[in-house]
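In the working numbering, the protein residues as written are 500 to 657. Quick reminder that beta carbons are idealized off the backbone N, C-alpha and C, glycines included. Single-structure report; data block below.
Here it is as structure tokens:
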């Protein structure tokens, strides 16, 4: 009987946990360009570092997602400046030479609208495409967030 009581105490929760309040990540700089980049999962960390090296903010990334049966890594980017494209192209060129394995990086608007393959364009052309057609972060990004699970009081605390 004593053993059962000890085991019961061991697995008994003494206090209840606090309600789960998810932290919402998303764009937060009004007027910044919003776009998605997709590439091969193998180079997720290198791509993310190259994007964040020159003013890009990856507010969401998925190292391995399956879209139409193909494994891809996804980067949702918010960028006030597009300077990182020069670093991204440089990193991409060096990685392809080092590994002797070609891969592509695709540009999307609104996460699903294909715009261009970076392989077919120069960094300046990609910058121009983004400046001409990419959606921008609205003036009040918190109200623009599209999830009912975003709690305004939490976002103000973070």
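- Query: Can you tell which of 562, 565, 549, 579 has the C-alpha that lies nearest to the C-alpha of residue 533?
  - Reply: Position 34 of the chain shown holds residue 533. Selected option, being the one with the closest Cα: 579.
- Where residue 598 falls, given that 16 or more other Cβ within 10 Å makes a residue buried: As a working mapping, residue 598 is identified with position 99 in the chain shown. Residue 598 comes out exposed.
- Query: Which runs of the alpha helix (DSSP H), 4 residues or longer, sit entirely within the segment 520-563?
  - Reply: Along the segment 520-563, the alpha helix (DSSP H) occurs as fully enclosed runs of 4 or more residues at 543-551, listed in sequence order.
- C-alpha distance - residue 561 paired with residue 544, whole-angstrom precision: What you label residue 561 is simply residue 62 of the chain shown in a count that begins at 1. What you label residue 544 is simply residue 45 of the chain shown in a count that begins at 1. Rounded to whole angstroms, residue 561 and residue 544 show a C-alpha spacing of 10 Å.
- So residue 574 is in the alpha helix (DSSP H); what residue range does that whole segment cover? Residue 574 sits at position 75 when you count from the first residue of the chain shown. Premise fails: residue 574 lies in the beta strand (DSSP E), 569-578, not in any alpha helix (DSSP H).
- If I'm right that residue 583 touches residue 550 with Cβ under 8 Å, what's the distance once you round it to whole angstroms? Walking along the chain shown from the start, residue 583 turns up at place 84. Walking along the chain shown from the start, residue 550 turns up at place 51. Sure, about 5 Å apart at Cβ, within 8 Å.
- Query: What do you get for residue 526, buried or exposed, if any count of 16 or more other CB atoms within 10 angstroms of its CB means buried?
  - Reply: Here residue 526 corresponds to residue number 27 of the chain shown, with the count starting at 1. The residue is buried, with at least 16 neighbouring Cβ atoms inside 10 Å.
- Task: Compute the beta-carbon to beta-carbon distance between residue 571 and residue 540, rounded to the nearest angstrom, for a pair I have assumed lies under 8 Å.
- Result: Sequence index remark: in the chain shown, residue 571 carries index 72 (1-based). Sequence index remark: in the chain shown, residue 540 carries index 41 (1-based). That belief holds up - the Cβ atoms of residue 571 and residue 540 are roughly 7 Å apart, short of 8 Å.
- Under three-state DSSP, which class holds residue 606? Counting from one through the chain shown, the residue named residue 606 turns up at place 107. Residue 606 falls in the strand class under three-state DSSP.
- Answer yes or no: do residue 535 and residue 575 have a C-beta to C-beta separation smaller than 9 Å? Looking up residue 535 in the chain shown gives position 36. Looking up residue 575 in the chain shown gives position 76. Against a cut-off of 9 Å, the Cβ pair of residue 575 and residue 535 comes out as a contact.
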